[in-house]
Amino acid sequence: MDLWTQALACLTWFLYGSFFEWVSHRYFMHEKRFPLYHVFHGHTMIHHQIYKGENFLARGPGRPPHVMLRLSSFPLILLAHLPVFLLFQWLTGLPTLWGAVVGCTLYYVSYEYMHYLMHVPRGHFVERFRWFRFLREHHRLHHKYMLRNFNVLFPLADVCLGTLVTAEGWRSKPARRHRTLAARKKRPGAGRTPG
Ligand SMILES: [Zn+2]
Ligand SMILES: [Zn+2]
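If you read the sequence shown in my numbering, its first letter stands for residue 414, the second for the next number, and so on.
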């Protein structure tokens, strides 16, 4: 029973990871916020500048710079979440702490591994899967349209929060999309469905 509860907690906190990833990517990696200026600088000003356009894939031998997050990121994220995990366990009375820690760790490790392979193809077996190719294209579009596709690993939050794009075009560009929709609304008869 405890094992099933921990497994369910692991899955639940993994799903939560998608929303945590979305919020931290949207509001800390793409916006300057005190005291995490270095997070914005490292991601928007360095990672996005190096790996854009034709340079989305790192070429050449050796380990390319500025693909992975700082080593301190994971311990800090986990430490910040521990009181939340404990509070959740205490409030529900269910043994969920270790499930939560495992779910959080799985999400973070998978994020780092997948994001690395998206930019630095190494011929690993996961690169052959269709879902990996979908995620790599999803992330390539994020590097093109920075306010779209904030999820790297699991785009659940992108779907729920309306930031998912799967192709290039006007829908992917927030400003142009806004202008196009506004122009459509002004046109007489706009928005009506025929019949
Ligand atoms: Zn990237
Ligand atoms: Zn980004």
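Backbone N, C-alpha and C fix where the C-beta goes; we use that ideal spot for every residue, glycine too.
Beta-carbon separation of Thr418 and Gly512 under 9 Å?
Yes.
Compute every distance between the C-beta of His460 and the non-hydrogen atoms of ligand 4, then say whether any falls below 8 Å.
For the structure depicted, ligand 4 is absent and the ligand set comprises only ligand 1 and ligand 2.
With 16 other Cβ atoms within 10 Å as the buried cut-off, status of Thr509:
Buried, by the Cβ-count rule.
With the cut-off set at 9 Å, would you say Val539 and Ala471 are in Cβ contact?
no
Quick one: does the C-beta of His556 sit closer than 8 Å to a heavy atom of ligand 2?
yes
Can you list, in chain order, the residues of its chain whose CB lies under 7 Å from that of Lys465, leaving out five sequence neighbours each side?
For Lys465, where only same-chain residues beyond five positions count, the Cβ hits under 7 Å are His556.
Three or more C-beta pairs closer than 8 Å, one from the stretch 415 to 433 and one from the stretch 442 to 462: is that the case here?
no
Per DSSP, what kind of secondary structure is Gly473 in: helix, strand or coil?
coil
Whole-angstrom C-beta distance between Trp435 and Phe563, which should lie under 8 Å
Between the beta-carbon of Phe563 and that of Trp435 there is about 5 Å, and that keeps the pair under the 8 Å contact cut.
Do three or more CB pairs link the stretch 520 to 534 to the stretch 466 to 485 at distances below 8 Å?
yes
Pick from Val497, Arg476 and Arg561: whose alpha carbon is nearest that of Glu581?
Arg561
Segment limits, alpha helix (DSSP H) that includes Phe391
Because the chain is modelled from 414 through 608, residue 391 falls outside the range shown and cannot be assessed.
Phe545 by DSSP, collapsed to three states: which one?
helix
Assigned secondary structure, Glu434 (DSSP; H/G/I helix, E/B strand, else coil)
helix
Please confirm whether any heavy atom of ligand 2 lies closer than 8 Å to the CB of His494.
no
Where the alpha helix (DSSP H) through His532 begins and ends
In this chain, the alpha helix (DSSP H) harbouring His532 covers Leu510 to His532.
For the putative contact between Tyr521 and Phe487, defined by C-beta atoms under 8 Å, what is the C-beta separation to the nearest angstrom?
In this structure Tyr521 touches Phe487 by the C-beta definition: roughly 5 Å separates them, less than 8 Å.
For Leu566, name the three-state secondary structure that DSSP assigns.
coil
Are there any heavy atoms of ligand 1 lying less than 8 Å away from the beta-carbon of Val522, as far as the coordinates show?
no
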